[in-house]
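Numbering (our numbering), first residue to last: 1 to 116.
Glycine included, each C-beta is placed from N, C-alpha and C at the ideal position.
A quick note: this is a predicted structure, and the numbers were derived from the prediction, not measured.
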């Protein structure tokens, strides 16, 4: 996959699902991982189009159903590991980042960049 230009586009604001929080992004880094995703030069390829950015800090502005650990207005950080299968040997022993079925923020699921 060749490099494709990164574009700035307006996208619909997502509605948080169960266990999710909508975050107003205050800061987000763009690092070399984001460049690998854009270049498609890692063995696991992202599926364009996607939104890069996985080093995120912001404010939780809308809570999805079942969110009980946070309140609207809490400061939050967004992890690289979005989710994992929670059934494999790695997940069951606390090594979710080695899960072959993981989804990663800004790579295999949309990340976040601040509003411009």
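DSSP places residue 35 inside the alpha helix (DSSP H), whose first and last residues are 32 to 39. Annotation for residue 14: 22 place their beta carbon closer than 7 Å to its own, counting only its chain and skipping 5 residues before and after. Distance from the CA of residue 89 to the CA of residue 83, rounded to the nearest whole angstrom, comes to 15 Å. In this structure, the CA atom of residue 36 is about 12 Å from the CA atom of residue 53. Under the three-state reduction of DSSP, residue 91 is assigned to helix.
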